[in-house]
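Worksheet: the structure to be examined is printed underneath.
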Amino acid sequence: MQTPYYLIDKSRLLPNLEKIAHLRETSGAKALLALKCFATWSVFDMMSEYMDGTTSSSLFEVKLGREKFPGETHAYSVAWADHEIEEVLASSDKVIFNTAAQLSRFEDVSRGHTRGLRVNPGVSTSGFDLADPARPFSRLGEHDPKDIEPVLEQISGFMFHNNCENADFERFDAMLGSIEQRFGHLIRQMKWISLGGGIHFTGEGYPLDRLAERLKRFAGENEVQVYLEPGEATITNSTTLEVTVLDTLFNGKNLAIVDSSIEAHMLDLLIYRESAKMKESGDQPWMICGKSCLAGDIFGEFMFPKALNPGDRLSIQDAAGYTMVKKNWFNGVQMPSIAIRELDGSERLVRDFTYDDFSAALS
């Protein structure tokens, strides 16, 4: 296949899904795919065998979840607009409002629908202020029980989403305890509670059974159905971005320019100032550079067993989360195709992008 393309490997996706299935079975919690992280629906048939549905951040994600992923469809947005709320309700099983004001605003039209409210416990688990839902002055959810109590009769559940790349079970346990202490009297009046995503429970060495026991205990003591909304935990290490070296040069360091771009194809690397991941090793240092005109379009510096040359193929690891959902046409750089490696090892192209797609995105 012509590079660049994202390659989703089902044999690497499967272990994550099996851990999710184990957690569901042993804890009683339900798992919803967070479409904001990963929405490549060509593998939804496989994922839906291990998960209970999807959760969203916008009308279009709600519609995609309803159309492409069997099971429950939860609809959340930071703010719903007047012109979209009826379509949101028609496409979802549950609608979650970000504030009590939004809930009250759409109380009449959403009456009879299963409704929830986002609650911000103000407890941070993130080292990135940019991605921290509990950052100071956060707009993400209600934070004061006194503002929640007047609307309790209008809802049947809460969403607490304040974890972000949290791979520490002890930290999660303490966070959940603080939520119970502060909001327990409200939680016990609900039927369901979503604890959001950002819990890296599919990571190597994570104490999955301890998490299951904690979730089961939380559900039992509060008499609620627990939901989790895994995003990256679902697809971590499942996908590569396949690229080709186009040119090399030396400017104090060995530089290799590839037919891809972090700004266009792996935007989070740029946003969070992080390096890409590669499996290569050796004694030859090379900086892998994107082909856009952005000076800082750099995948990172890596060691190779030999000098790189035009035509060499490279695989950027862990390229599923927040990549395909954020890819863009900056500089008109060729957008990566999407391919799938089946469990039998065969590969197939499921989507490519052409000049017509580039032109159609503009006016």
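For the sequence shown, the UniProt record's numbering begins at 1 and goes up steadily by one.
Note that the Cβ used here is the ideal one computed from N, Cα and C, for glycine as well.
This structure is a prediction, so every number in the text was calculated from the model and none was measured.
Legend entry - Distance, residue 91 Cα to residue 63 Cα: Mapped onto the sequence shown, residue 63 falls at position 63. Mapped onto the sequence shown, residue 91 falls at position 91. The alpha-carbon atoms of residue 63 and residue 91 are separated by roughly 6 Å.
Legend entry - Sheet register partners of residue 257 (DSSP bridge): Stepping through the sequence shown from its first residue, residue 257 is reached at position 257. According to DSSP, which records beta bridges pairwise, residue 257 is partnered with 247, 289.
Legend entry - Separation of residue 271 from residue 35, as counted between CA atoms: By 1-based counting over the sequence shown, the position of residue 35 is 35. By 1-based counting over the sequence shown, the position of residue 271 is 271. If you take the alpha carbons of residue 35 and residue 271, they lie about 20 Å apart.
Inset, instruction - State buried or exposed for residue 334, treating a residue as buried only when at least 16 other CB atoms are found within 10 Å of its CB. - result: In the sequence shown, counting from the first residue as 1, residue 334 sits at position 334. So residue 334 counts as buried.
Legend entry - residue 134 classed as buried or exposed, judged by whether at least 16 other C-beta atoms fall within 10 angstroms: By 1-based counting over the sequence shown, the position of residue 134 is 134. Only buried fits residue 134, as 16 or more other CB atoms lie within 10 angstroms of its CB.
Legend entry - Distance CB(residue 98)-CB(residue 141) smaller than 8 Å: Reading the sequence shown from its first residue, position 98 is the one you call residue 98. Reading the sequence shown from its first residue, position 141 is the one you call residue 141. Taking a C-beta distance under 8 Å as the contact criterion, residue 98 and residue 141 qualify as a contact pair.
Legend entry - Residues of its chain near residue 114, where Cβ-Cβ distance is below 7 Å and the 5 sequence neighbours each way are ignored: Translated into positions along the sequence shown, residue 114 becomes position 114. 93, 94, 156, listed in sequence order.
Inset, instruction - Starting from the N-terminal side, write out each stretch of the alpha helix (DSSP H) that is 4 residues or longer and does not extend beyond the stretch 122-155. - result: Runs found: 145-148.
Legend entry - Proximal residues to residue 122 (C-beta, below 7 Å), its chain only, five neighbours per side dropped: Translated into the one-based positions of the sequence shown, residue 122 becomes position 122. Within the same chain, residue 122 has close Cβ partners 134, 143.
Inset, instruction - May I ask you to verify whether the stretch 279-287 touches the stretch 333-350, counting CB pairs closer than 8 Å and requiring at least 3? - result: no
Inset, instruction - Determine the closest residue to residue 359 out of 343, 328, 339, 19, with distance taken between C-alpha atoms. - result: One-based indexing of the sequence shown puts residue 359 at position 359. Closest by alpha carbon: 328.
Legend entry - Status (buried if at least 16 other CB within 10 Å, exposed otherwise) for residue 4: As a first step, residue 4 is located in the sequence shown; it is residue number 4 there, counting from the start. Residue 4 should be labelled buried.
Legend entry - Of the residues 152, 85, 299, the one placed nearest residue 118, counting alpha carbons only: Within the sequence shown, residue 118 is the residue found at index 118, counting from 1. Comparing Cα positions, the closest option is 152.
Legend entry - Boundaries of the beta strand (DSSP E) in which residue 33 is found, first to last residue: In the sequence shown, residue 33 corresponds to position 33, counting from 1. Unbroken beta strand (DSSP E) run through residue 33: 30-34.
Inset, instruction - Please work out which residues of its chain come closer than 7 Å, Cβ to Cβ, to residue 249, disregarding the five sequence neighbours upstream and downstream, and give them in chain order. - result: Stepping through the sequence shown from its first residue, residue 249 is reached at position 249. 255.
Legend entry - Cα-Cα separation, residue 31 to residue 241: Within the sequence shown, residue 31 is the residue found at index 31, counting from 1. Within the sequence shown, residue 241 is the residue found at index 241, counting from 1. The alpha-carbon atoms of residue 31 and residue 241 are separated by roughly 27 Å.
Legend entry - Residues that DSSP places opposite residue 6 in a beta bridge: Numbered from 1 along the sequence shown, position 6 holds the residue referred to as residue 6. Residue 6 is bridged to 241, 338.
Inset, instruction - Whole angstroms is fine: what's the gap from residue 52's alpha carbon to residue 43's? - result: As a first step, residue 52 is located in the sequence shown; it is residue number 52 there, counting from the start. As a first step, residue 43 is located in the sequence shown; it is residue number 43 there, counting from the start. Answer to the nearest angstrom: the Cα atoms are 15 Å apart.
Legend entry - C-beta atoms of residue 163 and residue 205 nearer than 8 Å: Stepping through the sequence shown from its first residue, residue 163 is reached at position 163. Stepping through the sequence shown from its first residue, residue 205 is reached at position 205. Their beta carbons are not under 8 Å apart, which means residue 163 does not touch residue 205 by this criterion.
Inset, instruction - Find out if the Cβ-Cβ distance for the pair residue 258, residue 314 is shorter than 8 Å. - result: For the purposes of this step, residue 258 is identified with residue 258 of the sequence shown, where counting begins at 1. For the purposes of this step, residue 314 is identified with residue 314 of the sequence shown, where counting begins at 1. Going by C-beta atoms, residue 258 is nearer than 8 Å to residue 314.
Legend entry - With 16 other Cβ atoms within 10 Å as the buried cut-off, status of residue 73: Position 73 of the sequence shown, counted from the start, is the residue given in the question as residue 73. Burial call: buried.
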